[in-house]
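Have a look at the structure below before the remarks.
2 protein chains.
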Amino acid sequence: MDRYSALRRTARDVGADAVALVPGPNFERLYNTSFHSLERPLVVIVPVENAPAAVVPNLEMRSFDALGFEGKVFDWRDQDGYASAFAALAKQTPLGTLAVEGQVMRVFVHHALKTAYPGLQIVDAEREISALRRVKSPQEIATLECAIRASEQALAEVLEQVRTGQTEAEVESLLTQALFRNGAQEHAFGPIVAAGDNSAKPHAHARTDYALRDGDTLLFDFGARVDGLNADITRTVFVGHATDEARSVYEVVLAANLKGHEITRPGVTAHDVDDACTAVLEASPWSDWIRTKTGHGLGRAVHEAPQIMRGNHEILEPGMVFTIEPGLYGDGAFGIRIEDDVLVTETGCRSLTTFPKELTVVGQC
Amino acid sequence: MDRYSALRRTARDVGADAVALVPGPNFERLYNTSFHSLERPLVVIVPVENAPAAVVPNLEMRSFDALGFEGKVFDWRDQDGYASAFAALAKQTPLGTLAVEGQVMRVFVHHALKTAYPGLQIVDAEREISALRRVKSPQEIATLECAIRASEQALAEVLEQVRTGQTEAEVESLLTQALFRNGAQEHAFGPIVAAGDNSAKPHAHARTDYALRDGDTLLFDFGARVDGLNADITRTVFVGHATDEARSVYEVVLAANLKGHEITRPGVTAHDVDDACTAVLEASPWSDWIRTKTGHGLGRAVHEAPQIMRGNHEILEPGMVFTIEPGLYGDGAFGIRIEDDVLVTETGCRSLTTFPKELTVVGQC
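Heads up: the protein sequence lines correspond to chains G and B, in order. Reading the first sequence from the start, the letters are residues 0 to 364 in numbering that gives the first Met the number 0. Reading the second sequence from the start, the letters are residues 0 to 364 in numbering that gives the first Met the number 0.
Next up, the structure:
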């Protein structure tokens, strides 16, 4: 069994002659290293049978050689462009149908392939290819826990520093500094630090012109990336004090979050988890504040399979990791989200996130 | 003149009925804000005439509304998928040919468009669309200088901390902490910290198992991202001492770098700059250590137009910003690169990077 067995099987399953991988999470899992992608195409072709082949920018060749690549490599230099490398690939490895990662491959690579292979059928097999990442290895789980610990330590430090009068952007800067002080190698994604009405936007940007006020919600959604694995955590706290309405909304969201932990176990579906969590929100007086599904798989990509969403009848298996992040969002008022990263175990689930979820008031001097 | 004039003209120039923008540098320049993209398609269609239209994930609607968007928006929810939003777009805005950003748009959006518009011609107009970003606004230049100052301050702090025995990964962590302490909002790209033979790889990864030794080269290639603008700086220093050969190679690379500054002015071409710098390297005893072109445009993307490369006869104009980063890379030995970010002015150029370039030895206690 070579390291391409699963990919070859996937190609066959989707009726393709080969799978194409470009730098990104699947590539990183396979080769345990990453490449800067940018404007230079780098593609690995893994046929159903036979050796793989690759198109590689010449300036990456030293790094690429370190992969112990098993097949023919067509390298190209900036001065010459990449068309002839793709043409040489097409001559050496004829293909009728090619399965690609539609969420990762960009259109210029698609066009380069179509030019080199006139008549090539390009199939978006993102789901099938990325499915190979759904069950995490013990090593991946250990690394993810590292990323989560770094994130939680950073949040703990920042909550000590928050005061009314600080802008969202100032708090975000404190968070970022704390993340990298605690071992983050990169942000998993641009962090969200949003107060008051801004916290009602699921993907808000920190404002430089809004200062925290007493009674504001303050939502943190962020994560450290460590050795290619991403944490993704949300906590919503209160500045100075929490209004009665906000407390009530918080309790509903927390109940939905806890429900998610309660029902997650092998054999249950992604639909079941979303359905159970969302039902808690729907039964509350704030059912029209629902904006999002319950969660998403988490690992080398911040959003990956399984999507924790009604209608997704994927069955949960031990080793899957996903977020449970119910939220309620009152347009123009405030939003609350509580997000944990959970690992499906043999008998249930284990929360990799351990940061406290009790309603917390910060900024009281 | 509306904010879409230049894009409409670009669509017409490439023979398309419209330009499609997805979240990325062109989108950010136009709307002065960014969106998390990930697995949810968000596309703006700007026709040659008539109002724009967009497909937007429902959970982004509050943020999208803040753009003051002028046309019809087709939003979609995770539960329903995006196919019907694209179908509604196609009904409302018929298109025969569409110009896209080939380096930014991913294949799944391409496929969604092809499904909604059977027979649609999709043209990769990355170059033409991104050309609208080539000349920077005074605001963009000011922000870029902020990002560069943060990067330089971080490097200064790290060079004080470097000692033999530290691993590349430890030095990278020090650099990252210093970057975010000094105002970086994100890494412009995964930083490169590479010593000894690893510095001979243009895009090396920091090793956890290699400790700095006396006599090593130590190459830093990194940058802060601030408000959407990216710094990109390389300096190569020596640990403990520099060998005679390394000193000689350093002087050649520095001479090539200075040559780039010397000849950069309006009216000169990108080809001319690369040619002049590369000629300096070629005239040295290390001409077979050349691996890369001289540089690339820099701004909202880390690599953008103009590519500073032989054969690119683009004429330099005031307001363009690009890197001058000649290097020499001895496989298995060491590599040296010195990279500045320069702004083309009315009469010549101004180096936005001001970090010293004299040969520097660090780690001497």
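C-beta atoms are modelled at their ideal positions from N, C-alpha and C, and glycine is treated no differently.
Taking 6 Å as the limit between beta carbons, can you name the residues of its chain near Leu-66(G), skipping five residues before and five after? The residues are Tyr-30.
What are the uninterrupted segments assigned as beta strand (DSSP E) that are 3 or more residues long and contained completely in the region 325–352 of chain G, given in chain order? Within the region 325–352 of chain G, the complete beta strand (DSSP E) runs of at least 3 residues are 326–328, 334–336, 339–343 and 348–350.
Going by DSSP, what residues sit across from Gln-78(B) in a beta bridge? For Gln-78(B), which the question treats as bridged, DSSP gives no partner whatsoever.
Give a yes or no on whether 8 Å exceeds the smallest Cβ distance from His-312(G) to chain B. Judged by the 8 Å Cβ criterion, His-312(G) is not in contact with chain B.
Would you mind listing the alpha helix (DSSP H) stretches within the region 119–188 of chain G that are 4+ residues and don't spill past its ends, in chain order? The qualifying runs are 125–129, 137–160 and 167–180.
Return helix, strand or coil for Lys-113(B), following the three-state DSSP convention. It is helical.
Compare the Cα-Cα distances from Gly-329(B) to each of Gly-195(B), Gly-296(B), Leu-315(B) and Ile-191(B) and report the closest residue. Looking only at Gly-195(B), Gly-296(B), Leu-315(B) and Ile-191(B), the smallest Cα-Cα distance to Gly-329(B) is reached by Gly-195(B).
Can you list the beta strand (DSSP E) stretches of 3 or more residues lying completely in the region 25–78 of chain G, in chain order? You should have 42–46, 52–56 and 71–75.
By the 10 Å Cβ neighbour count, where 16 or more other Cβ atoms means buried, how is Gly-266(B) classified, buried or exposed? Gly-266(B) comes out exposed.
Could you pull the start and end residues of the alpha helix (DSSP H) that Asp-274(B) belongs to? Unbroken alpha helix (DSSP H) run through Asp-274(B): 269–281.
Does Thr-114(G) have its Cβ less than 8 Å from a Cβ in chain B? Chain B contact via Cβ: absent.
Assign Asp-220(G) to one of three DSSP states: helix, strand, or coil. In the structure shown, Asp-220(G) sits in a strand (DSSP, three-state: E or B).
For Ala-5(G), name the three-state secondary structure that DSSP assigns. Helix.
Quick check on Phe-219(G) - is its C-beta less than 8 Å from some C-beta in chain B? Output row for Phe-219(G): interface = no.
For Val-301(G), which residues in chain B fall below 8 Å Cβ to Cβ? The contact set of Val-301(G) on chain B, defined by CB atoms closer than 8 Å, consists of Leu-37 in chain order.
Give the residues of chain B in contact with Lys-200(G), contact being defined as C-beta atoms less than 8 Å apart. Neighbours of Lys-200(G) on chain B, chain order: Arg-61 and Ser-62.
Would you kindly check if the distance between the Cβ of Leu-112(B) and the Cβ of Leu-97(B) is under 8 Å? Closer than 8 Å, so yes.
By the 10 Å Cβ neighbour count, where 16 or more other Cβ atoms means buried, how is Val-360(B) classified, buried or exposed? Exposed.
Among Ile-307(G), Leu-94(G), Gln-138(G) and Ile-128(G), which residue has its Cα nearest to the Cα of Gly-118(G)? Nearest Cα to Gly-118(G) within the set Ile-307(G), Leu-94(G), Gln-138(G) and Ile-128(G): Leu-94(G).
Considering just the uninterrupted stretch of the alpha helix (DSSP H) at Glu-303(G), what are its terminal residues? First-last for Glu-303(G): 303–307, but that is the beta strand (DSSP E), not the alpha helix (DSSP H).
Between which two residues does the alpha helix (DSSP H) harbouring Arg-246(B) extend? First-last of the alpha helix (DSSP H) with Arg-246(B): 243–262.
Helix, strand or coil at Arg-406(G) according to DSSP, with G and I counted as helix: Not covered by the structure: residue 406(G). The range shown for chain G is 0 to 364.
Through-space distance from Arg-28(B) to Leu-6(B), alpha-carbon basis: Going from the Cα of Leu-6(B) to the Cα of Arg-28(B) covers about 12 Å.
Starting from Arg-234(G), trace the beta strand (DSSP E) both ways and give me its first and last residue. Note, Arg-234(G): beta strand (DSSP E), 232–238.
Contact list for Arg-309(B) against chain G, beta-carbon separation under 7 Å: Result: Gln-78.
List the endpoints of the continuous beta strand (DSSP E) containing Val-192(G). Membership of Val-192(G) in the beta strand (DSSP E) is indicated by the continuous run 191–194.
Output the distance between the C-alpha atoms of Asp-274(G) and Glu-345(G), rounded to the nearest integer angstrom. Looking at the two C-alpha atoms, the distance is approximately 22 Å.
Using beta-carbon positions only, say whether Ala-10(G) and Val-47(G) come within less than 8 Å of one another. Taking 8 Å as the cut-off, the beta carbon of Ala-10(G) is found closer than this to the beta carbon of Val-47(G).
For Val-99(B) and Leu-20(B), the rounded distance between their alpha carbons: Just so you know, the alpha carbons of Leu-20(B) and Val-99(B) end up roughly 7 Å apart.
Hey, Thr-216(G) and Ile-335(G): beta-carbon distance below 8 Å or not? Yes, the pair counts as a contact, with Cβ atoms nearer than the cut-off.
Report yes if the CB atom of Arg-206(B) is closer than 8 Å to the CB atom of Glu-151(B), and no otherwise. In this structure, Glu-151(B) does not lie closer than 8 Å to Arg-206(B) by Cβ.
When you compare only the Cα positions, how much space is there between Ala-53(G) and Ile-191(B)? C-alpha separation (whole angstroms): 24 Å.
Check whether Ile-44(G) and Thr-92(G) have beta carbons under 8 Å apart: Against a cut-off of 8 Å, the Cβ pair of Thr-92(G) and Ile-44(G) comes out as a contact.
From Asp-340(B), Glu-127(B) and Glu-261(B), pick the residue whose C-alpha is nearest to that of Asn-25(B); which is it? Closest by alpha carbon: Glu-127(B).
Go ahead and pull the three-state DSSP assignment for Phe-85(B). Here Phe-85(B) sits in helix by DSSP.
Note down the Cα distance separating Arg-349(B) from Asp-220(B), rounded to an integer number of angstroms. For the pair Arg-349(B) and Asp-220(B), the Cα-to-Cα distance works out to about 20 Å.
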